[in-house]
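Read through the structure below, which is laid out as C-alpha cells, and then see the notes.
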Amino acid sequence: MMVSFAPIAKPDLPSLALLYGELLEVNSNLASMERQLAQINERSDYLWLGGKMETGELIASLLAIRCLDTTGECRNFMVLENVIVKSTCRKQGVGRQMMAYIEAQAKIWQCDYIILVSSGFRHDAHRFYEAVGYTEDVRGFRKCLL
Numbered sequence: 016m017m018v019s020f021a022p023i024a025k026p027d028l029p030s031l032a033l034l035y036g037e038l039l040e041v042n043s044n045l046a047s048m049e050r051q052l053a054q055i056n057e058r059s060d061y062l063w064l065g066g067k068m069e070t071g072e073l074i075a076s077l078l079a080i081r082c083l084d085t086t087g088e089c090r091n092f093m094v095l096e097n098v099i100v101k102s103t104c105r106k107q108g109v110g111r112q113m114m115a116y117i118e119a120q121a122k123i124w125q126c127d128y129i130i131l132v133s134s135g136f137r138h139d140a141h142r143f144y145e146a147v148g149y150t151e152d153v154r155g156f157r158k159c160l161l
C-alpha cells in the first residue's frame, strides 16, 4: 500500500481525532487540536505528520520533536509520540513507510537517535518497533500530573 506523507493540516483534524480513538480510546477535543496545530506550525522543531492513501483518507500519523542534547557533542535527538496506523491498514507496510520517512527527517535535523515510548500492553507495536530496528535498551517512566 502506497501512502503519501505531509504535515497535518486543519482539514485533517476530524479524521485524526477518529484515528486517535484507536490509539487512546478517548475522544479528542478538536478545538484543542486546532490550537496545538497552530502552535506546532510556528515551530521548526516539531513535525505533526499524516499519512494518506491515494484516496486522501488519513490512515497514519505521528508527532516528531527535535530536541537539543546537552551532553557530549550536544547533538540533536528526536522524540516520537502518538504513533498510529489505522487498524485496518496495519501489516501492509504503512508503518514501515512512515518510520522511514521520519528517520529521513531525523537525518535532515541532524539527530543522533530517535526515542519513543509505548504502553506496556501494546505488544504488537513493540514487535513492529523491533522489526524496524528499534531496541528496548532504555526504561521509560511517566508521572501523570492531571
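The numbering of the sequence shown is my numbering, which starts it at 16 and goes up by one. Every residue, glycine too, gets a C-beta built ideally from N, C-alpha and C.
* Three-state secondary structure (DSSP) at N56? -> For the purposes of this step, residue 56 is identified with residue 41 of the sequence shown, where counting begins at 1. N56 falls in the helix class under three-state DSSP.
* **Cβ-based burial, A121 [other Cβ within 10 Å; buried from 16]** => Looking up residue 121 in the sequence shown gives position 106. Its Cβ being crowded by 16 or more others within 10 Å, A121 is buried.
* For L131 and C82, the rounded distance between their alpha carbons -> The residue you call residue 82 lines up with position 67 of the sequence shown. The residue you call residue 131 lines up with position 116 of the sequence shown. Their backbone Cα atoms lie some 13 Å apart in a straight line.
* To do: Would you decide whether C159 is buried or exposed? Buried here means 16 or more other CB atoms lie within 10 Å of its CB.
  => As a first step, residue 159 is located in the sequence shown; it is residue number 144 there, counting from the start. Its Cβ having fewer than 16 others within 10 Å, C159 is exposed.
* Taking Cβ positions, are A75 and G110 nearer each other than 9 Å? -> The residue you call residue 75 lines up with position 60 of the sequence shown. The residue you call residue 110 lines up with position 95 of the sequence shown. Yes.
* Element boundaries [beta strand (DSSP E), containing S76] -> Counting from 1 along the sequence shown, the entry for residue 76 is found at position 61. Start and end: 73-83.
* **Cβ-Cβ separation, F20 to M113 (assumed contact under 8 Å), whole Å** => Here residue 113 refers to the residue found at position 98 of the sequence shown. Here residue 20 refers to the residue found at position 5 of the sequence shown. Yes, they are in contact, since the Cβ atoms of M113 and F20 sit about 7 Å apart, within 8 Å.
* Local Cβ density within 10 Å of I23, reported as buried at 16 or more and exposed below that -> Taking the sequence shown and counting its residues from 1, one reaches residue 23 at position 8. Under this definition I23 is a buried residue.
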